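Numbering (mature numbering (1 follows the signal peptide of the UniProt record, and there is no 0)), first residue to last: -21 to -1, 1 to 1010.
Written out as structure tokens, the structure reads:
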């Protein structure tokens, strides 16, 4: 390698150990890398000048002492420092921290990144990032080595969940930006971005060496092998399985128990290292002047974990059965359910459906070309199996849990196979400031199999009892009842024609989601004070999903999964950005730029069904209005005329005089309310736009009919009477679709948008600055949102336009080493944000994907770090000021009579929306620190995570009022505040061997993670031990 003398002088001063005088004590080991042999190019004319000076180059060269100061950073140190260098709030975690605190679930990689959560962290086997209460596919893109693979999956009545599958063992770093940006090489969204980098050759090969081999292995406690008995039943004739019978809808049972029912273990078995949680990784790397190579393989198999115990009383009640059964016949969820979660998942008990098994292979190669060019090729293959439950499972468990008996349902594993490819080109010549080029092409292929469509998980094709082997079923049930003497001989089995009695995975969903894309950016230093960055990217994706009916099941009971859950479509998007950075003065830096986006999407699945005229997929009718009725109080004159007319009519019947008064009173009673006479029903129709009632045409909300209005001295009396009574919703007004339009091809969705960005940074001192930034961003519907969202087209609302976000952020950043010069790091930043997303895409009461008026959110974020070399500490805090979903028309649709239950703006989201379950804690704190001893060979440290509850007063009021849809659908599970403590110890025995010990959840707390959509307690206390060997 050949570099300029000054550059190498700086590196030598930082990285090379000083030659020690003979007999001098050795210095403490340096954390800077050893660079190995270095060739320095001497300045032109050096030899001639030395000759003129009469100095022989063969002799000893005597140089004057020269002190050179500088800083060298590895990639993780740079990533952590960038959190304080950038004028956007963010977070970073490196390889060492990720491996130090590796938890039980994939979502644990976000723990310690303050204000960053993973939705449904214990259930998904994937990442669903939530930043500032914003989450969902496309809102916070997750890139892995520049590739994208987010996919939305169906979760029954709870809707969809965003999934990004990644193996924590292969992660080298995670960088987060909170809010949209134009950072080169970063795929941003309305809520921010998550950039994951996998292992690099430099993570394995020591500085100065050309080859490295690393073997890492670890094991942990608090894990138990799941009961997989039922998973072997698929494909078998159920009658070959002892004790199994079929019943209504083709469901299978063992005696009177569900076929998935298991007895969970207790934590007494999970305190030892019994090797039910094991992981290893082997990685080999090579670094050369012309190329880098990396090959790595990782494997982890982990059983179901046990929950904690401390604090479980907050999730228990002696009246849990009565409370659970009282809520809609056991269909319980949300705040009510969390009151007795510890009665279902007992403290210290096995939490089923939390196991996982991962296998990942990673290959990387970088070719260094002349003129500061490089070409990198990456391939990664991941195979995962993981336990997964469903939100409505709690309802089933409440209805069927035997009194006093441990009870759980173990689902078959979800399976993921994923391939990612990327090719990246970089060109950054020293002599040309106009070229700092990055270009890349990538592709991901994801195949998933999940048992989540709502049908019977284990069932047979013979769904009608008349088609089943009734005699055999009765015999098996009789034997299970313990009355063998009365059961007689086993009957002859019916033939298994066409496999009708074989066990099918009827809840199976199969998804294929393929993407490819191109990225390009170039940073140009136009002048000493002006930088222009141009960037563009294109992505193309295709989603194909099938429900159980498409892969063998004949049961139509899973129509929701068929019509609403599965989607198939294609989507393309192109983005172009430019950004100018101008150092206007020594104390002022200005940024300004813009983004152009172009988008298209097509519903391939619906088009196919329409072309084939498949039953249920035609556009049958559309709701165009909502009918209402009411009765109005008669005036005194009208009331008297009505009485007179009624008496005259009764008298005309020819009844005896003594019966006339009696009949008049009876007829008056049918028209009287609280003693007052009201007119016959008056009806009207309010316009309906697909998912909202037009308030201007709703007499109850536009001022024409005030249901609270009273009339004094009504009908000549002394009392007050309501002017309007008997108000009612008479149902939807539909418009039939013509036969020509019934099977019409769906429209292709298209859109374009421009959005600006600008910012200003005020440099108060060399170490302190204030910044303010404003950015807008558009997010077009994801492929899932742009495709069929309901059945039959009855309510044809759909999200066809983009979300448009408006974002303000202001912050103060200070490098405090001016006051603490001996510290390695001393950084402080605090920022305030206030954002709004208009036309927010979400789900309505009828499962339509629609657009609400706006979502508003704001808060304060704090981040600090201090590192003396021996001691270090990091502190992060987030305080949520506001998070609301606003839509005046929709609020009036949910409650069309009074402006009572729903405000225009509600905390988190309206009932059944996904925004309702994305509310972060009111405030959270992340604190970690430690000490380095024995020349930094031994490191001891710990972490504390605290979060408050996500208190939602609107939710509580809806529950008290019994408002529409509050206790059904996608209802959030609420949690109590909790402190969680972790600790670790890491000892470098020598340069080839590291030993690690750790414990997560030291106090063994029983708690529910924020943003949980499936009610599962978090893991209890877990001890981890491992080693790393390097060659």
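Beta carbons are placed, not taken as given, at the ideal position from N, Cα and C, and that holds for glycine.
If you're wondering where the values come from, they're calculated on a predicted model, not measured in any experiment.
Residue 509 and residue 559 do touch by the CB rule: their CB atoms are close to 7 Å apart, below 8 Å.
The residues 626, 629, 630, in chain order, have a CB closer than 8 Å to that of residue 639 in the same chain once the five nearest residues on each side in sequence are set aside. The beta-carbon distance between residue 991 and residue 293, rounded to whole angstroms, is 15 Å. This is too long to meet the 8 Å contact definition.
DSSP, read as helix, strand or coil, puts residue 473 in coil. Sixteen is the threshold: when 16 or more other Cβ atoms of the shown chains lie within 10 Å of the Cβ of residue 117, as they do, the residue is buried. Taking the Cα of residue 169 as reference, the smallest distance to any Cα among 914, 817, 356, 864 is reached at 817. Note on the stretch 155 to 207: whole beta strand (DSSP E) runs with a minimum of 3 residues are 171 to 177, 190 to 199, in chain order. In this structure, DSSP gives residue 760 a state outside helix and strand, which the three-state scheme calls coil. Among the bridge pairs identified by DSSP, residue 899 is matched with none. The Cβ atoms of residue 440 and residue 479 lie closer than 8 Å to each other. For the set 738, 633, 671, the Cα lying nearest the Cα of residue 563 is the one of 738.
Within the same chain, Cβ atoms closer than 6 Å to the Cβ of residue 171 are found at 110, 119, 156, 157, 158, the five residues on either side in sequence being excluded.
With fewer than 16 other Cβ atoms from the protein chains shown falling within 10 Å of its own Cβ, residue 932 counts as exposed.
For residue 450, the uninterrupted alpha helix (DSSP H) segment begins and ends at 449 to 459. Residue 458 and residue 466 have their C-alpha atoms roughly 7 Å apart.
Under the Cβ criterion (8 Å, minimum of three pairs), the stretch 448 to 462 does not count as touching the stretch 349 to 356. In the three-state reduction of the DSSP assignment, residue 553 falls in the strand class. One alpha carbon belongs to residue 867, the other to residue 882, and they sit about 7 Å apart. Residue pairing by DSSP puts residue 909 in a beta bridge opposite 851, 920.
The residues 265, in chain order, have a CB closer than 6 Å to that of residue 190 in the same chain once the five nearest residues on each side in sequence are set aside.
For residue 497, the uninterrupted beta strand (DSSP E) run begins and ends at 487 to 504, by DSSP.
Here DSSP, grouped into helix, strand and coil, assigns residue 791 to strand. In this structure, residue 832 sits away from residue 723, with a CB-CB distance that is not shorter than 8 Å. Residue 192 and residue 275 have their C-alpha atoms spaced approximately 10 Å apart. Counting along the chain, the unbroken beta strand (DSSP E) around residue 603 starts and ends at 600 to 611.
Where residue 873 is concerned, the enclosing alpha helix (DSSP H) starts and stops at 867 to 873. Separation of residue 482 and residue 217 (C-alpha to C-alpha, rounded to the nearest whole angstrom) is 6 Å. Less than 8 Å divides the Cβ of residue 793 from the Cβ of residue 807. In its chain, beyond the 5 residues on either side, 607, 678 have a beta carbon closer than 7 Å to the beta carbon of residue 663. Between the C-alpha atoms of residue 864 and residue 725 there is a straight-line separation of about 30 Å.
Below 8 Å, enough C-beta pairs join the stretch 335 to 342 and the stretch 359 to 369 to call them touching: three or more. Bounds of any beta strand (DSSP E) do not take in residue 614, whose DSSP letter is neither H nor E. Your pair residue 734 and residue 755 checks out as a contact, with CB atoms roughly 4 Å apart and the cut at 8 Å. About 6 Å separates the beta carbons of residue 429 and residue 132, which is inside the 8 Å limit, making them a contact pair.
By the neighbour-count criterion, in which 16 or more other beta carbons inside 10 Å mark a residue as buried, residue 980 falls on the buried side. As a beta-bridge residue in DSSP terms, residue 708 pairs with 607.
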